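Heads up: the sequence shown at position 15 corresponds to 15 in the UniProt record's numbering, and the numbers run straight through without jumps. C-beta atoms are modelled at their ideal positions from N, C-alpha and C, and glycine is treated no differently. Quick caveat, the model's predicted, so the values are computed rather than measured. First the structure, in the form of structure tokens, and then the observations on it.
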Amino acid sequence: VQNNRVNAAVNTAGFSETNVWSGMVGQCGNPNSPVGVVNTCYPPAVNYTPFYYLINGLAFNKTNPAVSVFHPTAGVTATTPPTPVVTGITGTVLVRLVNAGLRMHVPSIVGSQTTGFTGAGVLTTAAAPVQGFTLIAEDGNVIPNVAPPGATTAPAAPRVQTDVFMASGKVFDVLINAVNVPAITTALPVYDRSLSLSGNSSARDAGMLAYIGVNGSGLPVTAGSGIFAAAVARADTYNSLVPSQAFTVSDPSKGVIANDTNVYGVHLFSGPTSGTLSCPAQPQNPTPGICANGTFTYTPTGTGTSDSFVYCANGAVTTTGTTSTCSSGLTATVTLGPATVEGASGITCSFPAPAYTAKTATYLKVPSPGVLAFCRDAAGYPLKIAATPAPTLSGGTVLMDANGGFNATLTAAGTATTTASLTFSPQNSQGTVGGSQTAMISFPVPSNLSVNVLDAQAYNNCVTSNANANPSTCIASIPTISDYRWIIEEDRTFWVDPNCTTNTGATAPAPGCPTLVGPSGTSTIPTFAVNFHTSTMPYVAQGCTGPLSCESGQTMLDTRPACIGTPAPAGCSATAGQHIPAVCDLGNGACRPDPNCTALPCLTAGGSTPVLPSSVHLDPTKRYYISVLPGDAGNPFPSNVSPPTGCLSGGVVGGALNTGCGHTMSGAPIPPACNVLVAGCTPTSTAAFAPVTVLTLPTPLPTGKLSVLVFEDDFPLNGEQDGGGGNGVSVAPVEPGLGGFNIVLWDTYGGLGDVTGQNSYDMFNQPLSNALTGTIDPATGLDACPISAQATTDPTQKGITGMIVTCPKYEADGATLSPLAGQAVIANLMPEKFSVQAYPGADRIARGEEWLQTNTLDGQHPHDSFIRIGEPSYFQEYGPAGYHVSIGFANPAIINARREA
Numbered sequence: 001v002q003n004n005r006v007n008a009a010v011n012t013a014g015f016s017e018t019n020v021w022s023g024m025v026g027q028c029g030n031p032n033s034p035v036g037v038v039n040t041c042y043p044p045a046v047n048y049t050p051f052y053y054l055i056n057g058l059a060f061n062k063t064n065p066a067v068s069v070f071h072p073t074a075g076v077t078a079t080t081p082p083t084p085v086v087t088g089i090t091g092t093v094l095v096r097l098v099n100a101g102l103r104m105h106v107p108s109i110v111g112s113q114t115t116g117f118t119g120a121g122v123l124t125t126a127a128a129p130v131q132g133f134t135l136i137a138e139d140g141n142v143i144p145n146v147a148p149p150g151a152t153t154a155p156a157a158p159r160v161q162t163d164v165f166m167a168s169g170k171v172f173d174v175l176i177n178a179v180n181v182p183a184i185t186t187a188l189p190v191y192d193r194s195l196s197l198s199g200n201s202s203a204r205d206a207g208m209l210a211y212i213g214v215n216g217s218g219l220p221v222t223a224g225s226g227i228f229a230a231a232v233a234r235a236d237t238y239n240s241l242v243p244s245q246a247f248t249v250s251d252p253s254k255g256v257i258a259n260d261t262n263v264y265g266v267h268l269f270s271g272p273t274s275g276t277l278s279c280p281a282q283p284q285n286p287t288p289g290i291c292a293n294g295t296f297t298y299t300p301t302g303t304g305t306s307d308s309f310v311y312c313a314n315g316a317v318t319t320t321g322t323t324s325t326c327s328s329g330l331t332a333t334v335t336l337g338p339a340t341v342e343g344a345s346g347i348t349c350s351f352p353a354p355a356y357t358a359k360t361a362t363y364l365k366v367p368s369p370g371v372l373a374f375c376r377d378a379a380g381y382p383l384k385i386a387a388t389p390a391p392t393l394s395g396g397t398v399l400m401d402a403n404g405g406f407n408a409t410l411t412a413a414g415t416a417t418t419t420a421s422l423t424f425s426p427q428n429s430q431g432t433v434g435g436s437q438t439a440m441i442s443f444p445v446p447s448n449l450s451v452n453v454l455d456a457q458a459y460n461n462c463v464t465s466n467a468n469a470n471p472s473t474c475i476a477s478i479p480t481i482s483d484y485r486w487i488i489e490e491d492r493t494f495w496v497d498p499n500c501t502t503n504t505g506a507t508a509p510a511p512g513c514p515t516l517v518g519p520s521g522t523s524t525i526p527t528f529a530v531n532f533h534t535s536t537m538p539y540v541a542q543g544c545t546g547p548l549s550c551e552s553g554q555t556m557l558d559t560r561p562a563c564i565g566t567p568a569p570a571g572c573s574a575t576a577g578q579h580i581p582a583v584c585d586l587g588n589g590a591c592r593p594d595p596n597c598t599a600l601p602c603l604t605a606g607g608s609t610p611v612l613p614s615s616v617h618l619d620p621t622k623r624y625y626i627s628v629l630p631g632d633a634g635n636p637f638p639s640n641v642s643p644p645t646g647c648l649s650g651g652v653v654g655g656a657l658n659t660g661c662g663h664t665m666s667g668a669p670i671p672p673a674c675n676v677l678v679a680g681c682t683p684t685s686t687a688a689f690a691p692v693t694v695l696t697l698p699t700p701l702p703t704g705k706l707s708v709l710v711f712e713d714d715f716p717l718n719g720e721q722d723g724g725g726g727n728g729v730s731v732a733p734v735e736p737g738l739g740g741f742n743i744v745l746w747d748t749y750g751g752l753g754d755v756t757g758q759n760s761y762d763m764f765n766q767p768l769s770n771a772l773t774g775t776i777d778p779a780t781g782l783d784a785c786p787i788s789a790q791a792t793t794d795p796t797q798k799g800i801t802g803m804i805v806t807c808p809k810y811e812a813d814g815a816t817l818s819p820l821a822g823q824a825v826i827a828n829l830m831p832e833k834f835s836v837q838a839y840p841g842a843d844r845i846a847r848g849e850e851w852l853q854t855n856t857l858d859g860q861h862p863h864d865s866f867i868r869i870g871e872p873s874y875f876q877e878y879g880p881a882g883y884h885v886s887i888g889f890a891n892p893a894i895i896n897a898r899r900e901a
């Protein structure tokens, strides 16, 4: 889009590259502006992808390379008129590199030489130079420690590089020697080493290129020969047509330009007679003709298998009447012939036995390429799944997509391992359908693991209530959350059996524990070699159990043909052109019409196929872990946080989906069904797994608070606040809190590395602020933290504006020192790891104050703070409570004044 707008602009009468774009009425960027004004300026450079990269305003052209040779000059002659001096140049040549584009570039002057240091650290001379160029200045500023040639005030310390990184707008001045050792007679090529230019969107010479011709040196190859030979367009032949089927060439290396010489672009000169051509660059919106890079799609209008067309290379096509002209005079014919039709016997599949082993007893989903990964066409044609005959699954149903992925569902779980036959027919791109193929799928016996997902608050109420003499009865009455997404992983982390940590006998271990080792009297429980620094949790299975977790109610546009006409089109739909319920489980996530819900709202059915954890086959000797995400986890916080009746069921409440409450992700370990140290416990054992209870917290979660102190670090020796808290009567004057500092919270996404952005809102989507605002000092009755304008009824306080601002030095009367000075408490925070940073307020900066941060964490300005669920407004760890974050600042003017006094 952006390239098209640039092209339209530069071809508009009255265009000027100096015009500034404006979308205002009557300006060049407004599409309603009159002719002569509209499109006479460059459009905004958003997502601009240049097709041609320019050096000194020129794109390199192999058919005219001489214009890309630039000759340095050494002044002008004394003749009339004067002419530039381009020969007899000695010493050095100054080259200014300017990145005038929007993308980074890495220029390199290949073969250039300059003065530098040898590997032994010895400064070289012009007679013994080094490869590369010397950086002299950056953005017009002389580079430190680099003196220009002839300088006597400082030793020359050349900064030599063979290339230099240049961001957008960057300028570098570099020096190269005018005469190489040994001498060369050809110009020095200038390349851009940016990897994005290794094959740009036009593939035109694959990057930037120009030459610096010192002392009249020229091209390495004579123009018109070798790589600079004249353009040649050669005929092409594609024997790939199949009756009534479209044929596409989407790879430029196989397009019509592939066998040409120095052809940069093509246009359709004369079209085919038995079909149409289109450019497949945008398959959803093809354009007539062929693509500039030589790719095309040919669609026959009948059943013919031969055709031809002619293209124009490196030029434009103009048509007058019935006569067309190629401006370059370079044309070539493309012949389309019949393809060798592959027989059905050439399409074969070879499956292992079984081809797939499911982890659940009734369901298996395999993404594309699925079964086609085991199939091939002898002639190399692409394969897909034939729609007719339709795929089938013995003992169940199967949904297959054209790319080979499938969802297989058994009607019922078996009491022994069930082997089901998946039958389908592959079809190649010519339309040839191969013979019927069968892949065997093994479905295991389910472990019948019982999983109960309960509301953690309700569970806790049962356990802690004094009225419940038997909590188990109360717990059994809690409605289970039946709608959740789950995943089971094998837990291979090091595990210590708590029943085997104590040696209870000198000769025999505890039941189910390892055999004791060592001589009598000194025997001990064996300790196996372990690695505490790694863990692995291999994926076993996952699924969903209800309409919310199975994502019912999604919609898609029904693109099937409408049922219009007699007879109606095959596969037509009465809802064509409308948005209908969808399930997105095809292949890698493609959507299809939901077969279990045809109209919104989908309350009790629809979405992905429900799969219960009980259907998973688990090894009774291994430990596992199950994680669950209740379906109501995505519900917004209700205005009334009291759970409505039936909320804990997690499903349909009162004829509508449960959107009145929510629960967080949670999980629980799944212990082994039997002990491997007890006889008979093997992977084939029929021991039953104990029921698993997963407790999940209701949302919204209790919010947390984060406390911050910004103080004046008058004695910046330890980075701590050393003044204490005063004597209870007056505020301590030593290292007091600093009011008017802005606190910024950075979202670290719970980990290390770059932040994801700045936090601006709390858990309830309210702007972050200092919760101490408006706090009344019980000793004075005044507002001890008058931040916002008119925070109280006290008309004397003026206040300052901001987001999270520390409490000011004085209370609302402007005279009483505030005990809250420099403090801030940010309330209603979600559990998170925050990076906390303090900045002097704008009023302090306006007064010319300079504040330097004196304490740090890991050498950076922000301080990390971990806020848990329900975090109080203080932080306590191994000692008395304090602030979550304390940040000290020193004012050099104050410290210097104290020293002078």
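Practice item. Out of Asp714, Asp754, Gly859, Phe875, state which residue places its alpha-carbon closest to the alpha-carbon of Ala893. Key: By 1-based counting over the sequence shown, the position of residue 893 is 893. Ranking Asp714, Asp754, Gly859, Phe875 by Cα distance to Ala893 puts Asp714 first.
Review point. From Ala387, Ala332, Val341, pick the residue whose C-alpha is nearest to that of Tyr381; which is it?
Key: The count along the sequence shown starts at 1 and reaches residue 381 at position 381. For Tyr381, the nearest C-alpha among the options comes from Val341.
Point to revise | Closest Cα partner of Pro698 within the set Asn56, Met665, Asn718 | key: In the sequence shown, counting from the first residue as 1, residue 698 sits at position 698. The residue with the shortest Cα to Cα distance from Pro698 is Met665.
Exercise for review: Put Lys254 into one of helix, strand or coil per three-state DSSP.
Suggested key: As a first step, residue 254 is located in the sequence shown; it is residue number 254 there, counting from the start. Of the three classes helix, strand and coil, the one that applies to Lys254 here is helix, per DSSP.
Check your understanding: Under three-state DSSP, which class holds Ser112?
Key -> Along the sequence shown, read from residue 1 onward, the residue named residue 112 stands at position 112. Reduced to three states, the DSSP call for Ser112 is coil.
Exercise for review: Look up Asp747 in the DSSP assignment and say whether it is helix, strand or coil.
Suggested key: As a first step, residue 747 must be located in the sequence shown, where it is residue number 747. Residue state, collapsed to three classes: strand.
Practice item. Could you check if Gln427 is buried or exposed, using at least 16 other CB atoms within 10 Å of its CB as the buried criterion? Key: Residue numbering aside, residue 427 sits at position 427 when the sequence shown is read from its first letter. With 16 or more Cβ atoms within 10 Å of its Cβ, Gln427 is classed as buried.
Review point. In whole angstroms, what is the alpha-carbon distance linking His267 and Pro252?
Key: Within the sequence shown, numbered from 1, the residue matching residue 267 stands at position 267. Within the sequence shown, numbered from 1, the residue matching residue 252 stands at position 252. Separation of His267 and Pro252 (C-alpha to C-alpha, rounded to the nearest whole angstrom) is 14 angstroms.
Exercise for review: Could you confirm whether any beta carbon from chain B is found closer than 8 angstroms to the beta carbon of Pro716?
Suggested key: In the displayed structure, chain B is absent; only one protein chain is listed.
Check your understanding: For Thr276, which residues from the same chain have a beta carbon less than 8 angstroms from its beta carbon, with the 5 sequence-adjacent residues on both sides left out?
Key -> Looking up residue 276 in the sequence shown gives position 276. Non-local beta-carbon contacts of Thr276 in its own chain, meaning distances under 8 angstroms to residues more than five positions away in sequence, involve Pro288, Tyr298, Thr299, Thr301 in chain order.
Exercise for review: Could you give the DSSP three-state label for Ala709: helix, strand or coil?
Suggested key: Your numbering for residue 709 matches position 709 in the sequence shown. Reading off the sequence, residue 709 comes out as Leu, not Ala. Of the three classes helix, strand and coil, the one that applies to Leu709 here is strand, per DSSP.
Exercise for review: Would you kindly report the start and end of the unbroken beta strand (DSSP E) that includes Ala890?
Suggested key: One-based indexing of the sequence shown puts residue 890 at position 890. Its beta strand (DSSP E) spans residues 885-890.
Review point. Who are the near neighbours of Val164 in its chain, counting only those whose CB is closer than 6 angstroms to its CB and skipping five residues on each side?
Key: For the purposes of this step, residue 164 is identified with residue 164 of the sequence shown, where counting begins at 1. Cβ within range, chain order: Phe172.
Check your understanding: On the three-state DSSP scale, how would you describe Gly631?
Key -> Here the question's residue 631 lines up with position 631 in the sequence shown. Helix at Gly631.
Review point. From Leu372 to Thr432, what does the alpha carbon distance come to, in whole angstroms?
Key: Position 372 of the sequence shown, counting from 1, holds the residue named residue 372. Position 432 of the sequence shown, counting from 1, holds the residue named residue 432. About 15 angstroms.
Practice item. Can you grab the Cα-Cα spacing for the pair Ile887 / Gly169, in whole Å? Key: The residue given as residue 887 occupies position 887 in the sequence shown. The residue given as residue 169 occupies position 169 in the sequence shown. Those two C-alpha atoms are separated by around 38 angstroms.
Review point. By Cβ distance below 6 angstroms, which residues in the same chain neighbour Leu586 in space, the five residues on each side in sequence not counted?
Key: In the sequence shown, residue 586 corresponds to position 586, counting from 1. For Leu586, where only same-chain residues beyond five positions count, the Cβ hits under 6 angstroms are Asp401, Arg592.
Check your understanding: Is Phe637 helix, strand or coil by DSSP?
Key -> For the purposes of this step, residue 637 is identified with residue 637 of the sequence shown, where counting begins at 1. In the displayed model, Phe637 falls within coil according to three-state DSSP, outside both helix and strand.
Exercise for review: Within its chain, find whatever has a CB closer than 7 angstroms to the CB of Glu17; leave out the 5 residues flanking it on each side and keep chain order.
Suggested key: Within the sequence shown, numbered from 1, the residue matching residue 17 stands at position 17. Excluding positions up to five away in sequence, the list reads Tyr42.
Review point. For Leu399, which residues does DSSP report across the bridge?
Key: As a working mapping, residue 399 is identified with position 399 in the sequence shown. Per DSSP, Asn407.
**Study point:** Those runs of the alpha helix (DSSP H) which lie wholly inside the segment 295-382 and span at least 4 residues
**Key:** Listed in chain order, nothing qualifies, since the segment 295-382 has no complete alpha helix (DSSP H) run of 4 or more residues.
Check your understanding: Alpha carbon to alpha carbon, how far is Ser202 from Val310?
Key -> Along the sequence shown, one-based indexing puts residue 202 at 202. Along the sequence shown, one-based indexing puts residue 310 at 310. With a pLDDT of only 48 at Ser202, under the threshold of 50, the placement of this residue in the model should not be trusted, and no figure is reported.
Exercise for review: Compute the distance between the beta-carbons of Trp486 and Ser627, then report whether it is under 8 angstroms.
Suggested key: What you label residue 486 is simply residue 486 of the sequence shown in a count that begins at 1. What you label residue 627 is simply residue 627 of the sequence shown in a count that begins at 1. Contact check for Trp486 against Ser627 passes: the beta carbons are separated by less than 8 angstroms.
Point to revise | Distance CB(His663)-CB(Ile481) smaller than 8 angstroms | key: Here residue 663 corresponds to residue number 663 of the sequence shown, with the count starting at 1. Here residue 481 corresponds to residue number 481 of the sequence shown, with the count starting at 1. Yes.
Review point. The beta strand (DSSP E) with Gln542 in it runs from where to where?
Key: Here residue 542 refers to the residue found at position 542 of the sequence shown. First-last of the beta strand (DSSP E) with Gln542: 539-544.
**Study point:** Rounded straight-line distance, which links the Cα of Phe889 to that of Ile869
**Key:** Sequence index remark: in the sequence shown, residue 869 carries index 869 (1-based). Sequence index remark: in the sequence shown, residue 889 carries index 889 (1-based). Taking the straight line from one Cα to the other gives about 31 angstroms.
Review point. Which same chain residues, not among the five before or five after Ala668, have their C-beta less than 7 angstroms away from its C-beta?
Key: As a position in the sequence shown, residue 668 is number 668, starting the count at 1. Spatial neighbours of Ala668 in its own chain (CB-CB distance under 7 angstroms, excluding positions within 5 residues in sequence) are listed in chain order as Ile626, Val692, Thr693, Val694.
Practice item. Check the C-beta distance from Val441 over to Pro352 and give it rounded, since I have them as a contact under 8 angstroms. Key: Translated into positions along the sequence shown, residue 441 becomes position 441. Translated into positions along the sequence shown, residue 352 becomes position 352. The residue asked about is misnamed: residue 441 is Ile in this sequence, not Val. Actually they are not in contact, since the Cβ atoms of Ile441 and Pro352 sit about 12 angstroms apart, beyond 8 angstroms.
Review point. Using CA coordinates, which residue listed in Asp192, Pro72, Pro144, Asn11 is at the minimum distance from Phe60?
Key: On the sequence shown, position 60 is the one that residue 60 refers to. Relative to Phe60, the option among Asp192, Pro72, Pro144, Asn11 whose CA is nearest is Asp192.
Check your understanding: Leaving out five residues before and five after Thr237 in sequence, what residues of the same chain have Cβ atoms less than 7 angstroms from its Cβ?
Key -> Position 237 of the sequence shown, counted from the first residue, corresponds to residue 237. Shown here for Thr237: same chain residues with a beta carbon closer than 7 angstroms to its own, the five before and five after excluded, namely Thr335, Gly337 in chain order.
Check your understanding: To the nearest angstrom, how far is it from the Cα of Ser183 to the Cα of Thr87?
Key -> The residue you call residue 183 lines up with position 183 of the sequence shown. The residue you call residue 87 lines up with position 87 of the sequence shown. What sits at residue 183 in the sequence shown is Ala, not Ser. Taking the straight line joining both Cα atoms gives about 14 angstroms.
Check your understanding: Cβ of Leu54 within 8 angstroms of Cβ of Ser112?
Key -> As a first step, residue 54 must be located in the sequence shown, where it is residue number 54. As a first step, residue 112 must be located in the sequence shown, where it is residue number 112. Cβ atoms of Leu54 and Ser112: not closer than 8 angstroms.
**Study point:** For Ile478 and Gly651, the rounded distance between their alpha carbons
**Key:** Residue numbering aside, residue 651 sits at position 651 when the sequence shown is read from its first letter. Residue numbering aside, residue 478 sits at position 478 when the sequence shown is read from its first letter. Note that Gly651 has pLDDT 49, beneath the 50 cutoff, so the model's placement of it is unreliable and no number is given.
Point to revise | Coil, strand or helix - Phe424 by DSSP | key: Translated into positions along the sequence shown, residue 424 becomes position 424. Note: Phe424 maps to strand in three-state DSSP.
Review point. Whose C-beta lies closer than 6 angstroms to the C-beta of Asn727 among residues of the same chain, with five residues either side of it excluded?
Key: By one-based count along the sequence shown, residue 727 stands at place 727. Residue placement at Asn727 is poorly supported in this model, since its pLDDT is 48, which falls under 50; the coordinates still yield a value, given next. Contacts found: none.
Review point. So which of Leu449, Ile804, Val110 has the shortest CA-CA distance to Pro613?
Key: Sequence index remark: in the sequence shown, residue 613 carries index 613 (1-based). Comparing Cα positions, the closest option is Leu449.
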